[in-house]
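K.L.:
Pasting in a structure now, in structure tokens, and then I'll have a few things to ask.
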Amino acid sequence: MDVPTAFALFGAIIVVGFLGAMMFQRLKIPDILLLIFLGMFIGPIMNFLGFKLFSKETLLPYTSYFASVALLVILFEGGLYLNFDKVLQTIGIASFFTVSIFILNLIVTTILFIVLFHASLAVGLLFGAICGGTSGAIVVPLVSRLSVKEESKVMLTLESVLTDVLCVVLVIAVLQYILLGTLDTGASLSTAARQIASAFSVAIVIGLFAGILWLWVLKKLVGKPYAFMMTIAMLFLLYAFTEIAGGNGAMSGLVFGMVLGNKEEITRIFKIKTEFVLDNRIKEFEGEVSFFVRTFFFVYLGVMFSFENITLWILGSIIILIAIYMGVRLLVTYVTVSWKKELTCDWQILATMLPRGLAAAVLATLPASYNISGTEIFVGLVFLVILFTNIIPTAAAFIFERKKDNDNNKAKNAQGKTTQS
0 MDVPTAFALF
10 GAIIVVGFLG
20 AMMFQRLKIP
30 DILLLIFLGM
40 FIGPIMNFLG
50 FKLFSKETLL
60 PYTSYFASVA
70 LLVILFEGGL
80 YLNFDKVLQT
90 IGIASFFTVS
100 IFILNLIVTT
110 ILFIVLFHAS
120 LAVGLLFGAI
130 CGGTSGAIVV
140 PLVSRLSVKE
150 ESKVMLTLES
160 VLTDVLCVVL
170 VIAVLQYILL
180 GTLDTGASLS
190 TAARQIASAF
200 SVAIVIGLFA
210 GILWLWVLKK
220 LVGKPYAFMM
230 TIAMLFLLYA
240 FTEIAGGNGA
250 MSGLVFGMVL
260 GNKEEITRIF
270 KIKTEFVLDN
280 RIKEFEGEVS
290 FFVRTFFFVY
300 LGVMFSFENI
310 TLWILGSIII
320 LIAIYMGVRL
330 LVTYVTVSWK
340 KELTCDWQIL
350 ATMLPRGLAA
360 AVLATLPASY
370 NISGTEIFVG
380 LVFLVILFTN
390 IIPTAAAFIF
400 ERKKDNDNNK
410 AKNAQGKTTQ
420 S
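Residues in the sequence shown are numbered consecutively from 0, following numbering that gives the first Met the number 0.
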């Protein structure tokens with residue numbers, strides 16, 4: 000691809016991303032599928048037609064980097080707008096919601112894969128772990144624009160962050176078992192639990208400390224040039240330091256954003272006498288950066304789509320799997336809203352917010368790289384899971400928002416009639 004073509008393509012992608020954002024504001028249609036299908040068009044479809052703009056093989060080595068950047072930037076922006084008190088109030092129910100869905104998904108996916116593809120327990124468990132969690136890079140920007148309660152946004156955000164770590168830890172544990180051939184179940188479960196607890200505790204502590212420290216720095220940088228870019232630089236340094244320290248970098252980015260966005264609560268909780276200042280332009284700048292990263296993330300997701308090894312049997316198997324995922328979420332959502340009645344109005348979104356993303360795509364490529372028998376079809380299967388699990392929440396979000404608009408219009412009309420009479 001020559002330079003003028005590349006520039007034209009990048010510019011067109013940004014324009015489509017902007018039009019997609021406008022489409023959501025006007026028609027309440029999320030832009031996720033539009034951008035994914037754009038990526039599929041300029042990627043696998045154009046390649047099939049003989050116009051090779053992008054090669055999946057060339058981009059594949061950079062997928063984990065791009066997925067990490069997208070998740071970090073998007074979670075940081077999400078953290079800026081999360082209410083600290085709501086997070087503390089919701090973390091218990093969010094943990095129940097997350098762990099219940101993850102375990103049930105893992106069990107049913109493993110069983111289904113073994114039955115349909117005559118695989119071993121280890122291979123079935125591996126596939127279940129890869130597809131077990133939602134994508135924060137997709138969930139956070141979608142729910143942030145929906146008319147749902149703050150508690151629902153917090154729950155879905157925490158679920159996507161928690162399951163990212165659960166998926167990675169479990170996939171690595173199963174891979175070690177397959178490659179080494181031995182497993183001490185008690186020791187492995189204990190090790191996995193310690194890894195998960197360590198990843199989150201380290202991330203929370205470092206993110207909290209870095210956030211408070213950066214509030215002090217921002218107070219000194221008020222009115223100075225490049226303060227916004229310095230915040231982004233701090234975000235990347237924070238991610239690197241947290242990962243090196245054994246924590247989860249994306250989680251630390253979320254906590255970092257929450258501290259900056261809840262400066263009043265932080266000063267109250269920690270009894271800090273200094274009055275912090277956060278320039279609102281930082282949020283505006285971060286919104287622009289997040290839009291850019293999010294737009295290219297979804298297009299990249301479409302470019303990486305693979306039609307390899309997809310048959311009617313596989314397509315039918317994936318449809319059954321998605322139906323089971325929906326059943327699991329409906330069951331857990333029913334229990335959750337029975338426990339927390341104020342979330343009842345958002346049950347449609349809680350029950351359908353199941354999108355998988357690039358993290359699943361990256362994990363799907365690992366087993367084949369170790370030449371593990373029975374995992375050759377993982378990539379094709381996982382990309383179908385990603386596609387279908389993004390269609391469902393997109394459609395649900397559209398229906399939910401249209402219903403909200405209709406209900407609001409009816410309420411306004413009824414209020415107008417009451418005022419006139």
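All C-beta atoms in this analysis are idealised placements derived from N, C-alpha and C, irrespective of residue type, glycine included. Nothing here was measured: the structure is a model prediction, and the numbers come from that model.
Per DSSP, what kind of secondary structure is G130 in: helix, strand or coil?
P.N.:
Correcting the residue type first, residue 130 is Cys in the shown sequence and not Gly. Looking at C130 - three-state DSSP - the assignment turns out to be coil, as it is neither helix nor strand.
K.L.:
Taking the alpha helix (DSSP H) that N104 falls in, what are its first and last residues?
P.N.:
83-116 is the span of the alpha helix (DSSP H), which, as asked, contains N104.
K.L.:
Are F53 and V361 touching if we call contact CB-CB under 8 angstroms?
P.N.:
Not closer than 8 angstroms, so no.
K.L.:
Can the beta-carbon of F96 be found closer than 8 angstroms to that of T351?
P.N.:
No, the pair does not count as a contact, with Cβ atoms beyond the cut-off.
K.L.:
The alpha helix (DSSP H) that contains E345, what's its start and end?
P.N.:
The sequence given here places Asp at residue 345; Glu does not occur at that position. Run containing D345: none; DSSP gives neither H nor E here.
K.L.:
For the alpha helix (DSSP H) containing F23, list its first residue and its last residue.
P.N.:
Per DSSP, F23 belongs to the alpha helix (DSSP H) from 2-26.
K.L.:
Applying the criterion that 16 or more other CB atoms from any shown protein chain within 10 Å of the CB defines a buried residue, is P60 buried or exposed?
P.N.:
Exposed.
K.L.:
Restricting to runs no shorter than 4 residues, where is the alpha helix (DSSP H) found entirely within the region 229-299?
P.N.:
You should have 248-260, 262-268.
K.L.:
Would you say the region 91-109 touches the region 122-139, given that touching needs at least three Cβ pairs under 8 angstroms?
P.N.:
Counting Cβ pairs under 8 angstroms, three or more are found: they touch.
K.L.:
Identify which residue in P29, Y299, M0, P3 has its Cα closest to the Cα of I398.
P.N.:
Comparing Cα-Cα distances from I398 to each of P29, Y299, M0, P3, the minimum goes to P29.
K.L.:
Could you tell me the distance, in whole angstroms, from the CA atom of V327 to the CA atom of A66?
P.N.:
For V327 and A66, the distance between alpha carbons rounds to 27 angstroms.
K.L.:
From this set, F83, L253, I113, S151, which residue's C-alpha is nearest V201's C-alpha?
P.N.:
Of the listed residues, the one whose Cα sits closest to V201 is L253.
K.L.:
Would L32 pass as a contact of G16 if the rule is Cβ separation under 8 angstroms?
P.N.:
Contact: no.
K.L.:
With 16 as the cutoff for other CB atoms within 10 Å, does N405 come out buried or exposed?
P.N.:
Exposed, because fewer than 16 other Cβ atoms sit within 10 Å of the Cβ of N405.
K.L.:
Jot down the residue ranges of each uninterrupted alpha helix (DSSP H) in the region 342-415, minimum 4 residues, whole runs only, in chain order.
P.N.:
Those alpha helix (DSSP H) runs which fall completely within the region 342-415 and span 4+ residues are 346-351, 357-368.
K.L.:
Helix or strand or just coil, what does DSSP make of D30?
P.N.:
D30 falls in the coil class under three-state DSSP.
K.L.:
Can you tell me whether E307 is helix, strand or coil according to DSSP?
P.N.:
Residue state, collapsed to three classes: coil.
K.L.:
If you count every other CB in all the chains shown that lies within 10 Å of the CB of L145, and 16 or more means buried, which is it?
P.N.:
That one is buried.
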